[in-house]
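Under numbering that gives the first Met the number 0, think of the first position of the sequence shown as 0, with each following residue one higher. Each residue gets a CB set at the ideal place from its N, CA and C atoms; glycine is no exception. Just so you know, these numbers come straight off a predicted model, no measurement behind them. Below is one structure; the comments refer to it alone.
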Amino acid sequence: MSIRSTVLALVLAASAPLLSWAEPAYPDKPVKLLVGYAPGGSTDLVARLIATALTARWGQQVVVENRPGASGMIAAEQTVRAAPDGYILLLGYTPEVSLNSLVFKNMRYDPVSDLSAIALVASAPLVLVSGPKLPVTDMKSLLARKNASEPMTYGSPGIGGQQHMAGEMLARLTGLRLTHVPYRGTSLAVSDLIGGQIDLFFATTPPLLQHIRAGKLHALAVAGPRREKLLPDVPTVVELGLPRLQLTNWFGVFGPKALPEPLQKKISTDVMAILSQPAFVRSLEDQGLSATPLQGAALHDFIAAEMKKYQAIVAETGISAEP
């Protein structure tokens, strides 16, 4: 064997372990999907549906962990601080991944630059409902209380989110006297609404539907451009002459900012594949949610447009989460 051949053989032998090594396939262990709200709300529901689907697709358990508090920011902060390896993700809801920066003066993270927007999953318009404490079953009877001596109360799952903004806009557009009562999650607010501790609540359909069907809550309006399939008799805010009250909740998968591009692409591609499955789409629709598959530049443009819309609402209403 020539010297050249001998050297080549030695180099190949030495590099063989490097050539045969490859980064482990993702995921090769369980993945945590954080939710910034208590169980029972729409964010939690979407998280559990997508976690189940990803578990089946990946062959690794995707575990939903609820970390409620601070308008979703506790879970978001934990995601921001997580290692950028894809094993801690966030099923984000609009406030903690975009809107909170408009109403909180001192946030410990930037929702745009400190989080990787991976994939939008679902969306749904808000629905305004009244509880049994209030003798109101439709929008006409609600507006008739405009000159009531005592203000009505409305709940939201956190300061500065769409539900909070929806209540402030409702008061501004109609002249109703409303007092905001923030909660740590939708399910807690719904429980108090049914119990008569608050009067009104805006939420997406999932946590409300069974109580509406049971007659415990009354659906007054859908804050979207068209009627909901599951609530066909409930008029839209457009029909009611309140088109500026169109507000939609949206939910997506987010990760730490330094999440490698190939890993983001893998996760987003798998989420998009799930959202193309008719059975999964039906599972969302059965709860009053719409599959909303967005990724990449389209997702970033969507978030930017939403923030611009809510900047105008904040400027008009003066909503602030801090003194």
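Rounded separation between residue i and residue j - CA only
i	j	result
Ala21	Tyr86	A caution first: Ala21 carries a pLDDT of 43, below 50, which makes its placement in the model unreliable, though a value can still be read off. Going from the Cα of Ala21 to the Cα of Tyr86 covers about 19 Å.
Trp249	Ala147	34 Å
Gly317	Tyr92	22 Å
Val30	Leu175	46 Å
Ala15	Ala82	The pLDDT assigned to Ala15 is 42, lower than 50, so where the model puts this residue is not dependable; a value taken from the coordinates is nonetheless given after this. C-alpha separation (whole angstroms): 30 Å.
Glu315	Leu288	29 Å
Val233	Lys28	45 Å
Val327	Val96	Limits of the chain in this structure are 0 at one end and 322 at the other, which puts residue 327 out of reach.
Gln77	Leu114	11 Å
Gln245	Val236	7 Å
Thr203	Ser41	7 Å
Asp285	Leu230	12 Å
Arg107	Ala143	43 Å
Ala297	Lys307	15 Å
Pro94	Gln162	10 Å
Val180	Glu227	26 Å
Thr152	Lys139	18 Å
Leu293	Gln196	38 Å
Pro326	Met271	For residue 326 there is no data in the structure shown, the boundaries of the chain being 0 and 322.
Asp84	Thr54	17 Å
Asp109	Lys265	24 Å
Asn105	Pro277	43 Å
Lys145	Leu283	36 Å
Arg281	Gln209	18 Å
Gln59	Pro205	27 Å
Ser386	Ser267	For residue 386 there is no data in the structure shown, the boundaries of the chain being 0 and 322.
Thr247	Gln310	15 Å
Pro255	Gln263	10 Å
Arg47	Leu98	23 Å
Phe253	Asp137	38 Å
Tyr182	Ile312	21 Å
Ser275	Pro224	24 Å
Test item: CB-CB of residue i and residue j under 8 Å
i	j	result
Ile273	Ile117	no
Val221	Val128	no
Gly184	Pro156	yes
Phe279	Ala52	yes
Ala324	Gly159	No information on residue 324 is available, as it lies outside the stretch 0 to 322 that the chain covers here.
Arg56	Asp269	yes
Gly295	Leu119	no
Gly154	Ala188	yes
Leu192	Phe200	yes
Leu141	Leu219	yes
Leu89	Ala74	yes
Val102	His217	no
Pro150	Leu177	yes
Ala165	Val45	no
Gly130	Asp43	no
Pro38	Ser186	yes
Per DSSP, the bridge partner or partners of residue i
i	result
Pro134	DSSP, once it has assigned bridges, lists no residue as partnering Pro134.
Ile273	In the DSSP output, where bridge partners are listed per residue, Ile273 has none listed.
Leu88	Leu32
Val61	Val30
Ser122	Trp249 and Ser289
Thr152	Thr178
His217	Ser129
Ala116	Phe253
Below-8 Å beta-carbon distance, residue i vs any chain B residue
i	result
Arg226	Among the chains in the structure shown there is no chain B, since it carries only a single protein chain.
> Taking only runs of the alpha helix (DSSP H) that begin and end inside the stretch 275-300, which ones reach a length of at least 4 residues, in chain order?
Replying inline: Entirely contained in the stretch 275-300, the alpha helix (DSSP H) runs reaching 4 residues are, in chain order, 277-284.
>> Please give me, in chain order, every unbroken run of the beta strand (DSSP E) with length at least 3 that falls completely inside the stretch 224-259.
In response: Fully enclosed beta strand (DSSP E) runs of 3 or longer: 247-255.
>> With three or more C-beta pairs closer than 8 Å as the rule, is the stretch 254-262 touching the stretch 224-243?
In response: Cβ pair count under 8 Å is below three, so no.
>> When you compare the stretch 58-77 with the stretch 293-311, are there three or more beta-carbon pairs, one atom per stretch, that lie closer than 8 Å?
In response: Verdict: no, contact absent.
> Using 8 Å as the Cβ pair cut-off and three pairs as the minimum, do the stretch 206-213 and the stretch 163-179 touch?
Replying inline: They do not touch, by the three-pair rule.
>> Ignoring anything shorter than 4 residues, give me the alpha helix (DSSP H) runs that lie fully in the stretch 161-206, in order along the chain.
In response: DSSP runs (the alpha helix (DSSP H)) wholly in the stretch 161-206: 161-173 and 185-194.
> Given 8 Å as the limit, is there contact between the stretch 31-38 and the stretch 57-64, that is, 3 or more CB pairs closer than that?
Replying inline: Yes, since at least three Cβ pairs between the stretch 31-38 and the stretch 57-64 fall closer than 8 Å, the two stretches touch.
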